[in-house]
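Working notes, structure below.
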Amino acid sequence: MDFATLLQMLDATLRLATPLLLACLAGLFSERAGIFDIGLEGKMLAAAFLSAAIAAVSGSVWLGLLAGIGASMILSAVHGLASITFRGNQLISGVAINFLAAGLTVVIAQSWFRQGGRTPQLAGDARFNPIELPFADDLQDVPFIGPIYYELISGHTILVYVALLMVPLTWWVLYRTRFGLRLRAVGENPAAVDTAGVSVIWLRFAAVGICGILCGLAGAYLATALQASFVKDMSAGRGFIALAALIFAKWRPWYALYACLLFGFLQAMSLRADVIEGVLGFQVNGQLLDVLPYILTVVILAGFVGKAIPPRAGGEPYVKER
Amino acid sequence: MTLMQKFLGASAALALTAGTAAAEPAILFDLGGKFDKSFNESAFNGAERWAQETGGSYAEVEIQSDAQREQAIRRFAESGANPIVMAGFSWATPLAEVAADYPDTKFAIIDMVVDAPNVRSVVFNEHEGSYLVGMMAAMASETGTVSFVGGMDIPLIRKFACGYAQGVKAVNPDATVIANMTGTTPAAWNDPVKGSELTLAQISQGSDVVFAAAGGTGVGVLQTAADEDILSIGVDANQNYLHPGEVLTSMLKRVDNAVYEAMLAGENLETGFNVMSVANRGVGFAMDANNEPIVSYDMLAATYAAAADMAEGTLTVHDYTSDESCPALDF
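Keeping their order, the protein sequence lines are chains A and B. Reminder that position 69 of the first sequence reads as 1115 in the working numbering, one-by-one numbering, no gaps. Reminder that position 73 of the second sequence reads as 79 in the working numbering, one-by-one numbering, no gaps.
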């Protein structure tokens, strides 16, 4: 394997890790506040659909992005209403959101555009285009660093950089602000937060809302940056891999970045069976690479590598008085 | 009593003949819906062509869920529709159940085989059409490397890949054919993101023409090919219009012809096997204003010559599904 091939694989890793990372951070906010969310997949799908639809109709990808975030936040609100206000089962609400999104997107797309549940192709400003970072062309010929900067770091859509910036931002919000401290506390011991005179309901809704925004970004990235239209079920299980990454990362922002990059790299490897064969000298089954994220997560959960302890109040609706 | 029986029998016969005289064909679309820009729309176009040319009318239904299949067939059969045409292999199971209950009704199913005396099973020689677009890919390629992205790894899709590789090697024996499948579950039909990444990986291995036989995943393949300025090849319906001037051609399955012929035959529909091949224009490749500028005269001449040889039987293409192996490609 030569340097150029490695760079291309890392490039693919970054593209594939971006939706995982955004969804993973979305789940992190929600679950750190004590609301389990297996509806990440559905929210991404709804955002992918509405962002592509609005971008196609309006011709502006930014309006599309807003609409996508809006769609995701509506589903977040449903999840919040069911699991916070009405104290329903969070897992069931999440499953319902996944089903709702999978069905509604196709039905609406079909009656709106009549293209078999797709949205029209996006072109030009209706789509996120790659941006060249400054000096990318000039530095291209500098040995080693030049190709890395040109191939790997420059030339992605803006959402990739946003996703990467979200990692330190999430860390800062969670560990360096009063809001973050309360948010983490509400996931560990909501009664203590309540005693301190802070609204548990409000904090949890805020966390679920942030989750909606991030899922909206992830969905819009799929449909308007990586692709140029919505296709049914296009999230293809990425919301679930993001959940696996969240557990793998033990609900911490920086570990989430590493986990998503690792899972992205595994996906990129499964695209290049020839390279793996060249490096290892034998053929590796592509399906094995596809299931590795889940296997690794099970290994972590089983306690072989450190311990993954979820937020203590996770999954339990807060009841003030009995 | 006997008189009564005769009377009843006569009126029943009268009712039957009246029914047959007014029998109109019916078509049942698959879940994608009749405006899916692909398989079902092609079937719809065939039915429309029949209606326009004969002035007749037909009954139709777009189902919303798998549970409606058997009910839909029965309703049309009860109402006296004849023949009843079904687009899509998913109709096979309900049709096998229902066909025997309506021995006087003729059925046609596209893309699958149902063994019943009143059913016509229409299947396509996808390997022949894939061979033709493989030839065009090899002629259009400048790098000598072309590629294939399949959807779910099933024998039908390997049949496409195998025919394609044979066509490529026929033009350029030294050419490299890279074949990738998107996955092994039905999710592989709808993962355009992975389709895009597979295409990018193939481009980095030197491919400059990519053939997608992958349903919704193919949308991502064609998009990435257009973004990266390489040529792509569509499948099933004519997809040249998706990226004018950047889609080399599309491998066509003339579902519309199959529907048209079945409706034209009416109640005299011949049952049994019906193979749609290059010889009866059941499969082929698409030429229109969108790809005319990028297909050279030599390319067309060579491809048409091969098609003519296939039609005459002097050129046979190996069918992967016949023995689960491919002479031109390793899976």
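C-beta atoms are modelled at their ideal positions from N, C-alpha and C, and glycine is treated no differently. What you are looking at is a predicted structure, and each value in this text was computed from that prediction instead of being measured.
Output yes or no for whether 8 Å exceeds the beta carbon distance between residue i and residue j.
i         : j         : result
A/Leu1071 : A/Thr1216 : yes
B/Phe154  : B/Ala167  : yes
A/Gly1262 : A/Ala1093 : yes
A/Ser1200 : A/Leu1179 : yes
A/Trp1297 : A/Arg1078 : yes
A/Leu1074 : A/Tyr1267 : no
B/Val128  : B/Val152  : no
B/Gly226  : B/Ser202  : yes
B/Ala198  : B/Thr223  : Note that residue 198 of chain B corresponds to Pro in the displayed sequence, not to Ala. Closer than 8 Å, so yes.
B/Val120  : B/Ala102  : yes
A/Ala1314 : A/Ala1058 : yes
B/Ala49   : B/Val261  : yes
A/Thr1131 : A/Phe1095 : no
B/Ala218  : B/Val241  : yes
B/Thr327  : B/Arg126  : no
B/Asp36   : B/Asn51   : no
B/Ala171  : B/Ala57   : no
B/Gly140  : B/Ile116  : no
B/Ala220  : B/Gly173  : no
B/Pro31   : B/Met187  : no
A/Lys1090 : A/Ser1281 : The sequence given here places Met at residue 1090 of chain A; Lys does not occur at that position. Yes, Cβ-Cβ distance for A/Met1090 and A/Ser1281 is below 8 Å.
A/Ile1143 : A/Gly1088 : yes
B/Phe130  : B/Lys259  : yes
A/Leu1121 : A/Gly1258 : yes
A/Gly1084 : A/Val1141 : Inspection of the sequence shows that residue 1084 of chain A is occupied by Ile rather than by Gly. Yes, the Cβ-Cβ distance between A/Ile1084 and A/Val1141 is below 8 Å.
B/Ala146  : B/Leu254  : yes
A/Val1254 : A/Ser1076 : yes
A/Ala1295 : A/Ala1305 : yes
A/Ile1194 : A/Leu1053 : yes
For the putative contact between residue i and residue j, defined by C-beta atoms under 8 Å, what is the C-beta separation to the nearest angstrom?
i         : j         : result
A/Phe1174 : A/Thr1051 : No, A/Phe1174 and A/Thr1051 are not in contact; Cβ-Cβ is about 26 Å, not under 8 Å.
B/Met158  : B/Gly189  : 6 Å
A/Thr1165 : A/Ala1155 : 6 Å
B/Ile239  : B/Ser213  : Not a contact, Cβ separation roughly 12 Å.
A/Gly1360 : A/Phe1082 : 6 Å
B/Trp97   : B/Leu138  : The pair is not a contact, with the Cβ atoms about 28 Å apart (cut-off 8 Å).
A/Phe1286 : A/Ala1063 : With a Cβ gap of about 15 Å, A/Phe1286 and A/Ala1063 do not count as contacting.
A/Lys1278 : A/Gly1114 : Not confirmed; about 16 Å, so no contact.
B/Gln229  : A/Gln1273 : 6 Å
B/Ala207  : A/Leu1317 : 4 Å
A/Leu1303 : A/Leu1198 : In fact, because the Cβ distance is near 16 Å, the residues do not count as touching under 8 Å.
Can you name, in chain order, every residue of its own chain whose Cβ lies under 6 Å from the Cβ of residue i, other than the five neighbours on each side?
i         : result
B/Asp325  : His133
A/Gly1192 : Leu1185, Gln1186
A/Ala1101 : Val1107, Gly1110, Leu1168, Ala1172, Thr1270
A/Gly1226 : Val1219, Leu1220
B/Met316  : Glu134, Val284
B/Gly169  : His133, Ser136, Tyr137, Val323
B/Ser44   : Asp242, Ala243
B/Ala24   : In this prediction, B/Ala24 scores a pLDDT of 42, lower than 50, which makes its location untrustworthy; the coordinate-derived value is nonetheless stated afterwards. Taken in chain order, the list of residues that qualify is empty.
A/Pro1236 : Val1246, Ala1359, Tyr1364
B/Val177  : Met141, Ala144, Met145
B/Leu204  : Val155, Asn186
Excluding five sequence neighbours on each side, which residues of the same chain lie with their C-beta closer than 8 Å to the C-beta of residue i?
i         : result
B/Ala106  : Ala122
A/Leu1347 : Ile1293, Ala1354
B/Ser63   : Glu30, Ala57
B/Lys40   : Asn46, Glu47, Ala49, Phe50, Glu66, Glu68
B/Ala78   : Leu34, Val67, Ile69
A/Ser1275 : Ala1098, Ala1102, Arg1164, Thr1165, Pro1166, Gln1167, Leu1168, Ala1269
Can you give me the Cβ contacts of residue i inside the same chain, cut-off strictly under 7 Å, excluding the 5 residues immediately before and after it?
i         : result
A/Glu1234 : Pro1357, Arg1358, Ala1359
A/Arg1228 : Val1239, Val1244, Leu1249
B/Glu148  : Asp214
A/Ala1345 : The question names Ala, but residue 1345 of chain A in the sequence shown is Val. Same-chain partners within the cutoff: Val1351.
A/His1312 : Inspection of the sequence shows that residue 1312 of chain A is occupied by Leu rather than by His. Correct list, in chain order: Leu1335, Leu1338, Pro1339.
A/Ala1290 : Pro1339, Tyr1340, Thr1343
B/Leu321  : Ala312, Asp315
Next item on the list: Report yes or no: do three or more beta-carbon pairs, one from the segment 278 to 291 of chain B and one from the segment 66 to 84 of chain B, lie closer than 8 Å?
Entry: no
Notebook entry, point to check: Is the segment 108 to 127 of chain B touching the segment 78 to 91 of chain B, taking contact as three or more C-beta pairs under 8 Å?
Noted result: yes
Next item on the list: Any chance you could list the beta strand (DSSP E) runs of at least 3 consecutive residues sitting entirely within the segment 277 to 312 of chain B, in chain order?
Entry: 278 to 282, 289 to 291
Checklist line | Segments of 4+ residues assigned as alpha helix (DSSP H) that fall wholly inside the segment 1265 to 1296 of chain A | finding: 1284 to 1294
Item checked: Inter-stretch contact (C-beta, 8 Å, three-pair minimum) for the segment 246 to 253 of chain B and the segment 264 to 277 of chain B -> no
Check: Which runs of the beta strand (DSSP E) spanning at least 3 residues fall entirely within the segment 118 to 154 of chain B, listed in chain order?
Finding: 125 to 130
Notebook entry, point to check: Mind pulling the beta strand (DSSP E) runs of 3 or more residues that sit fully within the segment 1053 to 1110 of chain A?
Noted result: none
Check: Taking the runs of the alpha helix (DSSP H) that are 4 residues or longer, which of them lie wholly in the segment 221 to 256 of chain B?
Finding: 222 to 233
Margin query: Quick check on the DSSP output: what are the complete alpha helix (DSSP H) runs of length 4 or more inside the segment 1178 to 1230 of chain A, in order along the chain?
Written below: 1182 to 1185, 1204 to 1222
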